[in-house]
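Participant: Just so it is clear: in the sequence shown, position 399 is 400 by the working numbering, and no numbers are missing.
In this text, a Cβ means the ideal position worked out from N, Cα and C, and glycines have one as well.
As the structure is a prediction and not an experimental result, all values here were calculated from the model.
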Amino acid sequence: MIAESLMKLRQSGLFDERYYNTQLKAPLSGDQAIEHYLLFGFVQKLNPHPLFIADYYLEVYPDLDGASIHPLIHFIEFGAKENRSPHPLFDCNFYLEQFRPGDRSSIIPFFHYLNQGWMEGKNPHPMFDSAFYMRENRELFDDADLNPLVHYATAGYSMGCNPHPFFDSKYYFSKLPHPRPDGLLANPLVHFVLSGVHDGVSPHPKIASEKIRGPHCIEPLLYGLSTIDRTDFGNAFENSERQYVIPEFLLEPAEDNVVELQFSTPTLKSVVSQLCTASQFESDEYLTWCKRLNKEPQKYRKLWEFVFILSALEQSGVLKSGSSGIGFGTGQEPLPSFFASLEIDVLATDAPPEIAEIWTASMQCAVSAEMLFDGNIVDRERFDRHVKHALVDMNSIPSDLSGYDFCWSSCALEHLGSIEKGLNFIENSLDCVKPGGVIVHTTEFNLDSNVDTVDNHGTCLFRRRDIESLLRKLALAGHEVFPLNLCTGDEKVDQYIDVPPFSLPHLKLLISGFTTTSLGLIVRKSK
């Protein structure tokens, strides 16, 4: 029983070892830490993750009282899918309201938020404004992987950081009729959500206490008070602190003609290995693909990556019924469901739990095929027939994963530990496809330097020289290497560098001081 629970907890991403150890006198690691929580930590009122509070979960859902199943295991297996909340500051219904009605049925709110929602700027609660929080604490968010709610729940509240323009923590505590609370209620927003909102305690000088009449009043009250300027992109661009100018190294010719370089405006109509640029978002092809994926056609590079992969596969002739594909680091992306809709057999893979910390920190991995299902793209019967899920180490791909028509990954290979490991993965992924098969990968590309970069880190940034060296090696080995187009775009949006708090348009961004964007690569295996 313990072994089974250990596996479920490892795979879920809801055990934060570093966080758990802050509650212990002597640190533990690996399965030892998880087992300690399951056997002792829960009884000692310790929590496994900043956003899972077991006592809160049991109190809010009394139907679990006396249940034989551990509350965390219940949440992983059932509660998350039933839209139950694991923390006072995550409101499932509010979160779902940020999506189109047709998209909501396929979303598991809490895991979606941890996986991608927070990176898209979605808010977990009416009183937690992620963009405001990151903007007010900009110096803390140079790391693009830092979830603002996790930061607030673990450190921000004790630092006096305010979670919303209309929540003043110091003011709120000054209005309490009793001494400042401790424990979970030491977090002022948690206290407000669990107590103050019911007792009519005002969280801000502009909000009269008589207007605080329970949780139902919060959203309309905040909407009426909001003074946020909804500026258009033009204003955002003019006021931005950073604007991109293409450096000379990107314009230099290749050392030889082994790899064809291009510098023309890239298109989705005829894709090559290319960068994410603004004009591609305006094309009919982009709009068509977004419609087929049932996605809003936003200027968002992650969506561009999906469209690029699909365009490359279609133009390579493998996007058809009867084909087979394998994906790496697929997380909860929509591509497996889309492939299934075309009656393409796919194996979607993610990192096994013992090496998945870099992914599970933000839930960028799926623990089963269930989390890949998108009912807005494919019906359940067809999905189950065509999609399988497996745990695979991208740094050590099993030799029996071979014979596929195509292989893909979307910004996964930069998380393998180093630039060298990422390049090795691209080369090794050719072993997964049959002769004439196609591999399509997207990754982070360093737009600022061909020398300095980020390596041996959670997120590595590939330089032009890294990519050219790999493509040259593959071309000399007899594989068909598509031309490499290094055009960075010539529209105004292409000069805009998004910085935390990230928003739309989101094409170029700042990571560890470097301007980056997505690069798509296409290689056809030699016949």
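1. Nearest to D385 by CA position, among A391, I378, G459 and F374, is which residue?
2. Just to check my reading of the structure: L97 and P125 have Cβ atoms closer than 8 Å, yes? What is that Cβ distance to the nearest angstrom?
3. Could you tell me the distance, in whole angstroms, from the CA atom of L472 to the CA atom of V441?
4. Using three-state DSSP, classify K528 as helix, strand or coil.
5. Is L52 closer than 8 Å to P72 when the C-beta atoms are compared?
6. Looking at the structure shown, is W119 part of a helix, part of a strand, or coil, going by DSSP?
7. DSSP beta-bridge partners for L417?
8. Give the secondary structure of T278 by DSSP, where H, G and I count as helix, E and B as strand, and everything else as coil.
9. Compute the beta-carbon to beta-carbon distance between L150 and I77, rounded to the nearest angstrom, for a pair I have assumed lies under 8 Å.
10. Taking DSSP's pairing of strands, which residues face W305 in a bridge?
11. Can you round the beta-carbon distance between Y20 and A34 to whole angstroms, since I take them to be within the 8 Å contact cut?
12. CB G323 to CB E344, shorter than 8 Å?
13. May I ask you to list the residues that DSSP assigns as paired with L7?
14. Have a look at V524, C461 and K474 and flag the residue whose alpha-carbon is nearest the alpha-carbon of T516.
15. Suppose only complete runs of 4+ residues qualify. What are the alpha helix (DSSP H) ranges in the stretch 95-181, listed by chain order?
16. Just to confirm the assignment, what range does the alpha helix (DSSP H) spanning S555 have?
17. Going by C-alpha to C-alpha distance, which of I523, V524, T489 and G376 sits closest to L510?
18. Could you have a look at D329 and say whether DSSP puts it in helix, strand or coil?
19. Comparing alpha-carbon positions, which option in G184, D432, V500 and N486 lies nearest Y527?
20. Have a look at R381 and P110 and give me their C-alpha separation to the nearest angstrom.
21. Have a look at the DSSP bridge pairing and note the partners of R197.
22. Give me the DSSP bridge partner(s) of Y497.
23. What would DSSP say about F234, mapped onto helix, strand or coil?
24. Expressed to the nearest angstrom, what Euclidean distance is found between the alpha-carbon atoms of V198 and F95?
25. Return the bridge partner residues of E481 from the DSSP annotation.
26. Give me the Cβ distance between D130 and P166, rounded to the nearest whole Å; I'm assuming they're in contact under 8 Å.
27. Taking three-plus beta-carbon pairs below 8 Å as touching, is the stretch 409-425 in contact with the stretch 444-457?
28. Any contact between the stretch 479-495 and the stretch 394-410? By contact I mean 3 or more CB pairs, one from each, below 8 Å.
29. By alpha-carbon positions, which one of E18, E492 and A391 ends up nearest to I247?
30. Are the CB atoms of L65 and H75 nearer to each other than 8 Å?
31. Tell me, which residues are paired with D351 by DSSP?
32. Along the chain, where does the alpha helix (DSSP H) containing G184 start, and where does it finish?
33. Between the Cα of K207 and those of L252, D169, R302 and N396, spot the shortest distance and give me the residue it belongs to.
34. Can you tell me the Cβ-Cβ gap for L477 and V272, rounded? I've got them flagged as a contact below 8 Å.
35. With 16 as the cutoff for other CB atoms within 10 Å, does V44 come out buried or exposed?
36. Could you check whether the Cβ of I420 sits closer than 8 Å to any Cβ belonging to chain D?
Facilitator: Checking against the coordinates, here is how it stands:
1. Locating residue 385 in the sequence shown gives position 384, where the first residue counts as 1. Nearest C-alpha to D385: F374.
2. Counting from one through the sequence shown, the residue named residue 97 turns up at place 96. Counting from one through the sequence shown, the residue named residue 125 turns up at place 124. With 8 Å as the limit, L97 and P125 do not qualify as a contact, their Cβ atoms being about 11 Å apart.
3. On the sequence shown, residue 472 is found 471 positions in, with the first residue counted as 1. On the sequence shown, residue 441 is found 440 positions in, with the first residue counted as 1. So the two alpha carbons sit approximately 13 Å from each other.
4. As a position in the sequence shown, residue 528 is number 527, starting the count at 1. Coil at K528, not helix or strand.
5. For the purposes of this step, residue 72 is taken as residue 71 along the sequence shown, with counting starting at 1. For the purposes of this step, residue 52 is taken as residue 51 along the sequence shown, with counting starting at 1. It is not a contact, given that the beta carbons lie outside the stated cut-off.
6. As a working mapping, residue 119 is identified with position 118 in the sequence shown. W119: coil per DSSP, three-state reduction.
7. Numbered from 1 along the sequence shown, position 416 holds the residue referred to as residue 417. DSSP, once it has assigned bridges, lists no residue as partnering L417.
8. In the sequence shown, the residue the question calls residue 278 occupies position 277. Three-state result, T278: coil.
9. Against the sequence shown, residue 150 aligns to sequence position 149. Against the sequence shown, residue 77 aligns to sequence position 76. 19 Å between Cβ atoms; not a contact.
10. Here the question's residue 305 lines up with position 304 in the sequence shown. In the DSSP output, where bridge partners are listed per residue, W305 has none listed.
11. On the sequence shown, residue 20 is found 19 positions in, with the first residue counted as 1. On the sequence shown, residue 34 is found 33 positions in, with the first residue counted as 1. Contact check for Y20 and A34: beta-carbon distance about 10 Å, past the 8 Å limit, so the pair fails to qualify.
12. On the sequence shown, position 322 is the one that residue 323 refers to. On the sequence shown, position 343 is the one that residue 344 refers to. With contacts defined by Cβ atoms closer than 8 Å, G323 and E344 form a contacting pair.
13. Along the sequence shown, one-based indexing puts residue 7 at 6. Note: L7 sits in no beta bridge, so no partner.
14. If you number the sequence shown from 1, residue 516 lands on position 515. Nearest option by C-alpha distance: C461.
15. Correct list: 102-105, 110-113, 131-137, 149-152 and 170-175.
16. This structure does not reach residue 555, given that the chain is present from 2 up to 528, and the question cannot be answered.
17. Position 509 of the sequence shown, counting from 1, holds the residue named residue 510. Nearest of I523, V524, T489 and G376 to L510, Cα basis: T489.
18. By one-based count along the sequence shown, residue 329 stands at place 328. For the sequence presented, residue 329 should be read as Phe rather than Asp. F329 falls in the strand class under three-state DSSP.
19. The count along the sequence shown starts at 1 and reaches residue 527 at position 526. A quick correction: the sequence has Ser, not Tyr, at residue 527. Minimum Cα distance to S527 is reached at D432.
20. Mapped onto the sequence shown, residue 381 falls at position 380. Mapped onto the sequence shown, residue 110 falls at position 109. Each residue's Cα considered, the two are about 20 Å apart.
21. Position 196 of the sequence shown, counted from the start, is the residue given in the question as residue 197. Looking at the sequence itself, residue 197 is Gly, so the reference to Arg does not match. Looking at the DSSP assignment, G197 forms no beta bridge with any residue, so it has no partner.
22. Numbered from 1 along the sequence shown, position 496 holds the residue referred to as residue 497. Paired residues: Q244.
23. Sequence index remark: in the sequence shown, residue 234 carries index 233 (1-based). Low per-residue confidence applies at F234: pLDDT is 47, beneath 50, and the placement is therefore not dependable enough to give any value.
24. By one-based count along the sequence shown, residue 198 stands at place 197. By one-based count along the sequence shown, residue 95 stands at place 94. Each residue's Cα considered, the two are about 16 Å apart.
25. Working through the sequence shown from its first residue, we reach residue 481 at position 480. Checking the DSSP bridge columns, you'll see E481 partnered with R525.
26. As a working mapping, residue 130 is identified with position 129 in the sequence shown. As a working mapping, residue 166 is identified with position 165 in the sequence shown. With a beta-carbon spacing of about 6 Å, D130 and P166 fall inside the 8 Å limit used to define contacts.
27. Using a Cβ-Cβ distance cut-off of 8 Å, the stretch 409-425 and the stretch 444-457 are in contact, since at least three pairs of beta carbons, one from each stretch, lie closer than that value.
28. By the Cβ test, the stretch 479-495 is not in contact with the stretch 394-410, since fewer than three Cβ pairs between them sit closer than 8 Å.
29. Counting from one through the sequence shown, the residue named residue 247 turns up at place 246. That would be E492, whose Cα lies nearest to the Cα of I247.
30. For the purposes of this step, residue 65 is taken as residue 64 along the sequence shown, with counting starting at 1. For the purposes of this step, residue 75 is taken as residue 74 along the sequence shown, with counting starting at 1. Cβ distance < 8 Å, so L65 and H75 count as in contact.
31. Here residue 351 corresponds to residue number 350 of the sequence shown, with the count starting at 1. Under DSSP, D351 forms a beta bridge with L392.
32. Stepping through the sequence shown from its first residue, residue 184 is reached at position 183. Here G184 belongs to no alpha helix (DSSP H), and DSSP marks it neither H nor E.
33. Indexing the sequence shown from 1 puts residue 207 at position 206. Nearest option by C-alpha distance: D169.
34. The residue given as residue 477 occupies position 476 in the sequence shown. The residue given as residue 272 occupies position 271 in the sequence shown. Contact between L477 and V272 is absent: CB atoms are separated by about 23 Å, not below the 8 Å threshold.
35. To locate residue 44, count along the sequence shown from 1; it is residue 43. Note on V44: under 16 other CB atoms within 10 angstroms of its CB, so exposed under the neighbour-count rule.
36. Looking at the structure shown, chain D is missing, and only one protein chain is on hand.
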